[in-house]
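Scroll down for the structure; my scribbles are underneath it.
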Amino acid sequence: MLRPIRTLAAAAAALALVSACNSASGSSSPSKDGDSRGVSADSVKVGGIVSMTSASGYSKKDTDLGAKARYLRANAEGGVNGRKIDYIGAEDDGQDPAKNLAAARKLVQQDKVFAVSPMSSVTFSGADFLEQEKVPTFGWGTLPSFCGPKYIYGFNGCLVPTPGGTINQTWPEGIGQLLGGARGKSVAIIANDSDAGKFGVRTFQQGFTSAGFKVSYAKAAVPGTAVPSDWSAYVKEILDSNDGKAPDAVVSVMQTPNNIGLFTALKRSGYQGLLSDPTDYDPGLLAKDATKQALDGVRVLLQFQPFESTDPKMAQFKADIKAAAGGQEVPLNMHMLTGYMSADLFVSIARKAGKNLTVESFQAAAQGFSDTGTLVGDRAEPKGQKDSFGCGALVQLKNGAYEVSVPFQCHEPIPFK
23 MLRPIRTLAA
33 AAAALALVSA
43 CNSASGSSSP
53 SKDGDSRGVS
63 ADSVKVGGIV
73 SMTSASGYSK
83 KDTDLGAKAR
93 YLRANAEGGV
103 NGRKIDYIGA
113 EDDGQDPAKN
123 LAAARKLVQQ
133 DKVFAVSPMS
143 SVTFSGADFL
153 EQEKVPTFGW
163 GTLPSFCGPK
173 YIYGFNGCLV
183 PTPGGTINQT
193 WPEGIGQLLG
203 GARGKSVAII
213 ANDSDAGKFG
223 VRTFQQGFTS
233 AGFKVSYAKA
243 AVPGTAVPSD
253 WSAYVKEILD
263 SNDGKAPDAV
273 VSVMQTPNNI
283 GLFTALKRSG
293 YQGLLSDPTD
303 YDPGLLAKDA
313 TKQALDGVRV
323 LLQFQPFEST
333 DPKMAQFKAD
343 IKAAAGGQEV
353 PLNMHMLTGY
363 MSADLFVSIA
373 RKAGKNLTVE
383 SFQAAAQGFS
393 DTGTLVGDRA
403 EPKGQKDSFG
413 CGALVQLKNG
423 AYEVSVPFQC
433 HEPIPFK
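Numbering (our numbering), first residue to last: 23 to 439.
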């Protein structure tokens, strides 16, 4: 866990001081704005909620490392207007709604954090509590709770909007480019039977239709609690969905274990169309031949610059992750970037809030916040609490390595109905 420290000769050296300085932050005397929870004269306390474990074995634990990496660099640069960021680490919600709420309560009532960043899970039952307690919260805006509340922010905007919001068109526009245009092409959309899955199907069905595709299948039908052992029923429905024929593309709004099962079954059936999902950009998946084979050829949606990008900010991200990992090279994955960019948005707004850091000053700074050229494109608040920032890319796993299929670019979002 990362605690604030007085001096940082270098990022790697700072990491070595982490455990030695645990007691320093707890003894800080209150500042004149000490009525703001988690804020002292020389620190601001932040915690996270991450699905470190799950029933399926899927883990987002590296989200925590990504957040640590960004906070470590922020502290090396002087923190937030002179205050070090006291990042106490992330609570594991196990993708369990009850544990998600319990984690939120613990962070606020027991740990007394100023903010929750990152929040990364397929469930966010703690959202209402965090909003009620006026806790600035940051994560990947793939759940409805990131769209609308005043204190909850998606690092790349609102990706599951309410009516009146907008939909990011990176996925349908990118697949359209790969298929030579959307006109006359069909797509099947499949998701887990969960709140996130249902919203995902509803959102992407509108997006692909707007781009000109025929959506031949759109169901949140796969159990969210366990990976099916037999995918034949789902495969048959998908392959017959386009007037008795197979669709040109199958997009899965599910996590890696489900995608491996579904895509393997589709390939064994002889399906030759395009396969795509928004989760399987993880070099760690390449360590197992079976996984590598199952995901070979799959196009993965990214809502950030690919790791293969030559953008200087990506080079900075890689250096920060290496420092947070104790100077070791570690395989990069999208969970790291989720944590990193959640932390980055918090840091950017907090710095704008000024020396007198309170929830009120933070919220006031957020209301007029904007910046450009980040790893998720141009950002603006409160726009991001209603709309996506509209940017992304597609990469493909090919012959054991990822390569960029559609470069990072921004598309005009469409209205959500």
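Note that beta-carbon positions come from the ideal geometry of N, C-alpha and C, so glycine has one too.
| message | Distance check for K172 and D299, CA to CA, integer angstroms please. | response | Taking the first residue of the sequence shown as position 1, residue 299 is located at position 277. Taking the first residue of the sequence shown as position 1, residue 172 is located at position 150. If you take the alpha carbons of D299 and K172, they lie about 30 Å apart.
| field | For R127: DSSP bridge partner residues | value | Start at 1 with the first residue of the sequence shown, and residue 127 comes out as number 105. DSSP lists no partner for R127.
| message | Can you look up S2 in the DSSP assignment and give me helix, strand or coil? | response | Residue 2 is absent from the model: the chain starts at 23 and stops at 439.
| request: Mark D108 as exposed unless 16 or more other C-beta atoms lie within 10 angstroms of its C-beta, in which case mark it buried. | output: Taking the first residue of the sequence shown as position 1, residue 108 is located at position 86. So D108 ends up on the buried side.
| message | Taking the straight line between their C-alpha atoms, what separation do you get for G170 and Y362? | response | Sequence index remark: in the sequence shown, residue 170 carries index 148 (1-based). Sequence index remark: in the sequence shown, residue 362 carries index 340 (1-based). Between G170 and Y362, the C-alpha separation is close to 23 Å.
| query | Looking only at C-alpha atoms, which of R105, R95, S142 sits nearest to D84? | reply | To locate residue 84, count along the sequence shown from 1; it is residue 62. When only C-alpha atoms are compared, the closest one is S142.
| field | Close Cβ partners of A32 (< 7 Å) along its chain, the five nearest in sequence each way excluded | value | For the purposes of this step, residue 32 is taken as the residue at position 10 of the sequence shown. The pLDDT assigned to A32 is 35, lower than 50, so where the model puts this residue is not dependable; a value taken from the coordinates is nonetheless given after this. For A32, where only same-chain residues beyond five positions count, there are no Cβ hits under 7 Å.
| task | Evaluate Q191 with the Cβ neighbour count: other Cβ atoms within 10 Å of its Cβ, from every protein chain shown; 16 or more gives buried, anything less gives exposed. | result | Taking the sequence shown and counting its residues from 1, one reaches residue 191 at position 169. Buried, because 16 or more other Cβ atoms sit within 10 Å of the Cβ of Q191.
| Ordered along the chain, which non-local residues of its own chain (more than five positions away) have a Cβ less than 6 Å from that of T231? | Locating residue 231 in the sequence shown gives position 209, counting from the first residue. The residues V237, in chain order, have a CB closer than 6 Å to that of T231 in the same chain once the five nearest residues on each side in sequence are set aside.
| task | May I have the straight-line CA-CA distance separating A388 from P353, to the nearest angstrom? | result | Here residue 388 corresponds to residue number 366 of the sequence shown, with the count starting at 1. Here residue 353 corresponds to residue number 331 of the sequence shown, with the count starting at 1. Cα to Cα, A388 sits roughly 33 Å from P353.
| request: Scan the segment 244-294 and note each continuous alpha helix (DSSP H) run of 4 residues or more that stays entirely inside, going in chain order. | output: 254-261, 278-290
| task | Report back the beta-carbon spacing between I260 and A210 to the nearest angstrom; my notes put them in contact at under 8 Å. | result | If you number the sequence shown from 1, residue 260 lands on position 238. If you number the sequence shown from 1, residue 210 lands on position 188. Sure, about 5 Å apart at Cβ, within 8 Å.
| N97 lies in the beta strand (DSSP E); which residues open and close that run? | Within the sequence shown, numbered from 1, the residue matching residue 97 stands at position 75. Careful: N97 lies outside any beta strand (DSSP E), inside the alpha helix (DSSP H) at 84-98.
| request: Whole angstroms is fine: what's the gap from P269's alpha carbon to R290's? | output: In the sequence shown, counting from the first residue as 1, residue 269 sits at position 247. In the sequence shown, counting from the first residue as 1, residue 290 sits at position 268. Answer to the nearest angstrom: the Cα atoms are 16 Å apart.
| said: Check this for me: beta carbons of I212 and V244, under 8 Å apart or not? | reply: Position 190 of the sequence shown, counted from the first residue, corresponds to residue 212. Position 222 of the sequence shown, counted from the first residue, corresponds to residue 244. Against a cut-off of 8 Å, the Cβ pair of V244 and I212 comes out as a contact.
| field | Residue closest to P437, alpha-carbon to alpha-carbon, out of P429, N421, Y424, K408 | value | Position 415 of the sequence shown holds residue 437. Minimum Cα distance to P437 is reached at K408.
| For P334, does the count of other Cβ atoms within 10 angstroms reach 16, so buried, or fall short, so exposed? | As a first step, residue 334 must be located in the sequence shown, where it is residue number 312. Looking at its Cβ environment, which holds fewer than 16 other Cβ atoms inside 10 Å, P334 is exposed.
| From D86 to I174, what distance separates their C-alpha atoms? | The residue given as residue 86 occupies position 64 in the sequence shown. The residue given as residue 174 occupies position 152 in the sequence shown. Between D86 and I174, the C-alpha separation is close to 18 Å.
| task | Look up V428 in the DSSP assignment and give the residues it is bridged to. | result | Position 406 of the sequence shown, counting from 1, holds the residue named residue 428. According to DSSP, which records beta bridges pairwise, V428 is partnered with L416.
| message | If contact is defined by three or more beta carbon pairs under 8 Å, each pair taking one atom from either stretch, is the segment 147-166 in contact with the segment 120-127? | response | yes
| Who pairs with I107 in a beta bridge, going by DSSP? | Counting from 1 along the sequence shown, the entry for residue 107 is found at position 85. Beta-bridge pairing links I107 to V66.
| Whole beta strand (DSSP E) runs in the segment 139-205 with 3 or more residues, listed along the chain? | 159-161, 174-176
| query | Whose CA, out of N264, M336, G246, lies closest to the CA of N214? | reply | In the sequence shown, counting from the first residue as 1, residue 214 sits at position 192. Among N264, M336, G246, the Cα nearest to that of N214 belongs to G246.
| Thinking just about the alpha-carbon of each residue, which of A242, G161, L165 is nearest to the one in F177? | Start at 1 with the first residue of the sequence shown, and residue 177 comes out as number 155. Here the closest residue by C-alpha is G161.
| task | Let me know if K121 comes out buried or exposed under the rule of 16 or more other beta-carbons within 10 Å of its beta-carbon. | result | Numbered from its first residue, the sequence shown carries residue 121 at position 99. Label assigned to K121: buried.
| task | Using alpha carbons as the reference points, say which of M276, K156, M336 lies closest to K134. | result | If you number the sequence shown from 1, residue 134 lands on position 112. Taking only the C-alpha atoms, the option nearest K134 is K156.
| Who does R321 pair with in a DSSP beta bridge? | Stepping through the sequence shown from its first residue, residue 321 is reached at position 299. Paired residue(s): S298, Q418.
| message | By the three-class DSSP mapping on this structure, what secondary structure does D55 have? | response | On the sequence shown, position 33 is the one that residue 55 refers to. Model confidence at D55 stands at a pLDDT of 37, short of 50, so the residue's coordinates are unreliable and nothing is read from them.
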